[in-house]
Amino acid sequence: MSALSDPDADEARPVGEDDALMDEFVTNLGKRPTSAFSTGIDDLDRAMIARNGALILLSADTGVGKSLLAAQIARHYARDRGERVLFHSLEMSRDEMVERDMSAVSGVALSKITGVHDLEPSNYDLIKDEYLPAYREWASRLHYVEGKASVSEVARNAQRLNHEHRGDSGIGLVVLDYLQIAKRPRDVSTERDDLALAAMTGALKELAMDLGCVVICISQFNNEGAKSSAPQTYHLKGSSSLGQDADVVGMMIDPSKDDESRAGEVEVSLPKVRKGVSGTTVTIAEQRHKAHFRALNDNDRADMSVADRLNAPSPLPT
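Here it is as structure tokens:
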């Protein structure tokens, strides 16, 4: 439980008498902010600075891969950081999530894992004997919940998991995929969907602060944002005020719509980074046929875009 939600926390005393706070200030004076949040993609991690208790709004138009990136971050937390994750998917089943996980960690095309294309016997044996046993271990920290839910239901599940696993640091990440199709709060007028959505992001921010974890909320663009080459927070679908509660707003853009030579790239624009530098853009490489994104190096830009187009056997959903 964070100090903000602890009724016993004495935060009303004068700041000047808080020796721990003053010592921390001197220690960190002039230093680059340390982020408690990470994605596993170095370029993004240098830009998306956030602390525990942060709400991150990750948005994109349909087909750019926002759910896949969120799932990749969830894998990173469970596998690389060893932290517990709650992922509420309102449109993909647990089976679909596991298929994408296995494609990403094994490098075998998702279309082969799902049976759309033939899976070679060697790949079958590799997944069954090597990747699946390892997945069972770290995926024990990965909780996928499918089906339409409200933010309050997500919060209850997160609080329950955090309580059950408080002995091993509780929960580290909560993901809601995605905001616009979640159940609306009962105490908000159905005639004002903008107010309902704003109330939902406010509740998600409160959840992040209460549990001292990071919450990622997936969102869509409105029609104007989908057409824009440089969408802003007011392009978020349903309410122009959605970005107010977020500590970080990331907007995924497909630059190949305007420049075919950039096929295989995704730009992540960051119009809001509360603890870092707002207005930056990070370009990453997409390998959606393997349900994966990676850092983009300038020296492999051309090779990557050509190779990924040749190796991608079929388009994938977000």
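For what it's worth, full-length UniProt numbering labels the leading residue of the sequence shown as 1, then goes sequentially.
Cβ atoms here follow ideal geometry from the backbone N, Cα and C, with glycine treated the same way.
Asked, Found
"Straight-line gap, Q69 to L90 (C-alpha atoms, nearest Å)", "Just to set this straight, residue 69 is Leu in the shown sequence, not Gln. In a straight line, the C-alpha of L69 is about 16 Å away from that of L90."
"Alpha-carbon to alpha-carbon, D43 and T281", "10 Å"
"CB-CB length for L86 against V145, believed under 8 Å", "7 Å"
"Enclosing beta strand (DSSP E) for residue 319 [first to last residue]", "What is shown of the chain runs 1 to 318, which leaves residue 319 out entirely."
"Chain-order list of residues whose beta-carbon lies under 7 Å from that of I49 (same chain, five-residue window excluded)", "P33, S35, V273, K275 and G276"
"Separation of E17 from N293, as counted between CA atoms", "Checking the sequence, you will find Phe at residue 293 rather than Asn. Roughly 47 Å between the two C-alpha positions."
"Reference P231, options R160, G63, A182 and G279, closest by Cα", "G279"
"DSSP state of S150 mapped onto helix, strand, coil", "strand"
"Start-to-end residues for the beta strand (DSSP E) that takes in I73", "That residue, I73, is in no beta strand (DSSP E); its alpha helix (DSSP H) goes K66 to R75."
"Beta-carbon proximity list for S256, same chain, < 6 Å, skipping 5 on both sides", "R262 and A263"
"Whole-Å CB distance - A295 paired with I56, under 8 Å assumed", "Wrong, their Cβ atoms sit about 19 Å apart, outside the cutoff."
"Segment limits, beta strand (DSSP E) that includes S269", "E265 to V273"
"Rounded C-alpha distance that separates P313 from D194", "With a pLDDT of only 39 at P313, under the threshold of 50, the placement of this residue in the model should not be trusted, and no figure is reported."
"From D95, H88, S122 and D187, residue whose alpha carbon lies closest to that of N157", "H88"
"Cβ shell of L21 (< 7 Å), same chain only, five flanking positions each side left out", "V15"
"Member of A182, D187 and Y178 whose CA lies at the smallest distance from the CA of R71", "Here residue 71 turns out to be Ala, not Arg, going by the sequence shown. Of the candidates A182, D187 and Y178, the one whose C-alpha sits nearest the C-alpha of A71 is Y178."
"Straight-line Cα distance separating A196 from D187", "9 Å"
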